[in-house]
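Residue numbers (my numbering): 203 to 365. Where is the CB? At the ideal position from N, CA and C, for every residue including glycine.
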């Protein structure tokens, strides 16, 4: 019954605004016949929706998804290490650095930890990465730092003054 109340409370703003489907309206009305708490909520003039909490949840989910994308980009860049495409990293790693700084802000140091971890992960798959682990890691840190510095300068130049 408690799950049903939560569903009805989610549907109440839609029912009040006449946006809900006919089946949802019937479901809410049927539930309100048996539940006093939901009936009181339906009778209220204004139903407040906690938009801040919803926005916070959405931003958190997007951040987690973007951090996953950055991890995949780093894995992709590290996989180029022993191939003919290794020079594409001159473009890819500054982009990773800028995106990482934008998303992680004060936790940007995690990017520097991700590169050796991804190299070690690739080493488990293919032993040819072992020889060049340290040099490639240092080179990747350098190019990623360029991207971080570029985005930090961009953010500094375009920040708003607090008035």
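Sequence-distant residues of the same chain with beta carbon closer than 7 Å to residue i, five excluded per side
{"i": "residue 352", "result": "296 and 300"}
{"i": "residue 312", "result": "306"}
{"i": "residue 354", "result": "303"}
{"i": "residue 292", "result": "345"}
{"i": "residue 343", "result": "314 and 317"}
{"i": "residue 282", "result": "288, 290 and 291"}
Neighbourhood of residue i by C-beta distance below 8 Å, restricted to the same chain and skipping five residues each side
{"i": "residue 240", "result": "207, 210, 211, 214, 230, 233 and 234"}
{"i": "residue 216", "result": "222 and 226"}
Limits of the alpha helix (DSSP H) - the one that residue i falls within
{"i": "residue 231", "result": "224–236"}
Cut-off 6 Å between Cβ atoms - residues of its own chain near residue i, not counting five sequence neighbours on either side
{"i": "residue 294", "result": "279"}
Which runs of the alpha helix (DSSP H) spanning at least 4 residues fall entirely within the segment 260–339, listed in chain order? Runs of the alpha helix (DSSP H) inside the segment 260–339: 291–306 and 311–327.
Evaluate the contact criterion for the segment 317–328 versus the segment 271–284: three or more CB pairs, one atom per stretch, below 8 Å. By the Cβ test, the segment 317–328 is in contact with the segment 271–284, since at least three Cβ pairs between them sit closer than 8 Å.
Are the segment 217–235 and the segment 257–274 touching, with three or more C-beta to C-beta distances below 8 Å? Not touching, per the Cβ criterion.
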